[in-house]
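S.K.: Pasting a structure here, questions to come.
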Amino acid sequence: MSDHKNHLDHAYKLETVDATRDFYADWAATYDAEIVENGYATPARCAQAVAKFASADALILDTGCGTGLSGLALKAAGFSKIDGCDITQEMLAGAQDRGLYRNLWLSDPNAPLDISRGPYNVIAAIGVIGNGAAPISFFHEIVRKMASDSYFVFSFNDNTLADRQYEATLSNVVDSGGYNLLFREYGPHFPKRNMNSNVYVLHRL
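For the sequence shown, position 123 matches number 323 in the working numbering, and the numbering has no gaps at all.
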């Protein structure tokens, strides 16, 4: 068991998949309490953003769903058809307890993203891609697997925005054609820590 008294102080320093999985498995029991205590605002912001474009009956894949805080926000925004996956069984147990996902499964970060239960109208990666989390290659994989006329809602926090490769990658995707960036808004991520994030909605034509 980790001796971290505050996991958020360490979350952005993870450098490998194994380290990330072990860290979040250790954090699972106290994750919700610590995240909520710091005012985690990005899930609600992402859910409200994609609700501007996707219909309420959209089928959603919540990647990196963790304990289900992102799914809870999507449900509050009016969505009900939500599947979820995560690389950590301990986090998935929390998501299962919420009872709001149609399907939940343990994903392998070294294997292709499973979209076999789709086609998905929305893929979400809320607080998932960035420094200390899923690499930019995961962004590329989601973009490649988006169905026609579907949406990708995601976020980059301040730590991730400081690394210019993330927004540069997004710009390259939009410039390549076939995708429109419908929404980008900078706002609260962890207000209690004065940390913000960009929320995005990308549309595949």
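Note that beta-carbon positions come from the ideal geometry of N, C-alpha and C, so glycine has one too.
Just to confirm my understanding: we take Thr-360, look at its own chain, exclude 5 residues before and 5 after, and list those with CB closer than 6 Å. What are they?
M.R.: The count along the sequence shown starts at 1 and reaches residue 360 at position 160. Gly-330, Asn-331, Tyr-366.
S.K.: If you count every other CB in all the chains shown that lies within 10 Å of the CB of Gly-268, and 16 or more means buried, which is it?
M.R.: By one-based count along the sequence shown, residue 268 stands at place 68. Burial call: buried.
S.K.: If we call anything under 8 Å between Cβ atoms a contact, is Ser-307 one with Ile-287?
M.R.: Counting from one through the sequence shown, the residue named residue 307 turns up at place 107. Counting from one through the sequence shown, the residue named residue 287 turns up at place 87. Cβ distance < 8 Å, so Ser-307 and Ile-287 count as in contact.
S.K.: Taking the beta carbon of Thr-230 as the centre, do at least 16 other beta carbons fall within 10 Å, making it buried, or is it exposed?
M.R.: Indexing the sequence shown from 1 puts residue 230 at position 30. Burial call: exposed.
S.K.: Please state whether DSSP places Thr-267 in a helix, a strand or coil.
M.R.: Here the question's residue 267 lines up with position 67 in the sequence shown. Residue state, collapsed to three classes: coil.
S.K.: Just the C-alpha distance for Leu-381 and Ser-348, rounded to the nearest angstrom, thanks.
M.R.: Counting from one through the sequence shown, the residue named residue 381 turns up at place 181. Counting from one through the sequence shown, the residue named residue 348 turns up at place 148. Taking the straight line joining both Cα atoms gives about 15 Å.
S.K.: How many whole angstroms separate the CB atoms of Phe-253 and His-403, which I take to be in contact at a CB cut-off of 8 Å?
M.R.: Residue numbering aside, residue 253 sits at position 53 when the sequence shown is read from its first letter. Residue numbering aside, residue 403 sits at position 203 when the sequence shown is read from its first letter. Rounded, the Cβ-Cβ distance is 7 Å, consistent with contact.
S.K.: Under DSSP, the alpha helix (DSSP H) around Leu-340 begins and ends at which residues?
M.R.: Indexing the sequence shown from 1 puts residue 340 at position 140. Note that residue 340 is His in the sequence shown, not Leu. Where His-340 is concerned, the enclosing alpha helix (DSSP H) stretches over 336-345.
S.K.: Starting from Gly-284, trace the alpha helix (DSSP H) in both directions and tell me its first and last residue.
M.R.: The sequence position of residue 284 within the sequence shown is 84, counting from 1. Segment 281-286 is the beta strand (DSSP E) holding Gly-284; no alpha helix (DSSP H) there.
S.K.: Around the C-beta of Tyr-320, are 16 or more other C-beta atoms found within 10 angstroms, so that it is buried, or is it exposed?
M.R.: Working through the sequence shown from its first residue, we reach residue 320 at position 120. Buried: at least 16 other Cβ atoms inside 10 Å.
S.K.: Answer yes or no: do Gly-387 and Val-373 have a C-beta to C-beta separation smaller than 8 Å?
M.R.: Here residue 387 refers to the residue found at position 187 when the sequence shown is read from its first residue. Here residue 373 refers to the residue found at position 173 when the sequence shown is read from its first residue. No; because the gap between Cβ atoms is not below 8 Å, this pair is not in contact.
S.K.: Quick one: what's got a C-beta closer than 8 Å to Ala-256's C-beta in the same chain, skipping five residues either side?
M.R.: The residue you call residue 256 lines up with position 56 of the sequence shown. So the qualifying residues of the chain are Gly-278, Phe-279, Ser-280.
S.K.: Quick one: using the 10 Å Cβ neighbour count with 16 as the cut-off for buried, is Arg-364 buried or exposed?
M.R.: Sequence index remark: in the sequence shown, residue 364 carries index 164 (1-based). Burial call: exposed.
S.K.: What residue from Gly-271, Ala-276, Pro-391, Thr-242 has the CA that sits closest to Met-291's CA?
M.R.: Residue 291 sits at position 91 when you count from the first residue of the sequence shown. The candidate whose alpha carbon is nearest that of Met-291 is Gly-271.
S.K.: Which same chain residues, not among the five before or five after Ala-295, have their C-beta less than 8 Å away from its C-beta?
M.R.: The residue given as residue 295 occupies position 95 in the sequence shown. Closer than 8 Å at the Cβ level, and outside the excluded window around Ala-295, lie Cys-265, Gly-266, Thr-267, Gly-268, Gly-271, Gly-284, Asp-286, Tyr-301, Leu-304.
S.K.: Less than 8 Å between the CB atoms is what I'm expecting for Ile-336 and Ala-325, so what's the real figure, rounded?
M.R.: Counting from 1 along the sequence shown, the entry for residue 336 is found at position 136. Counting from 1 along the sequence shown, the entry for residue 325 is found at position 125. With 8 Å as the limit, Ile-336 and Ala-325 do not qualify as a contact, their Cβ atoms being about 11 Å apart.
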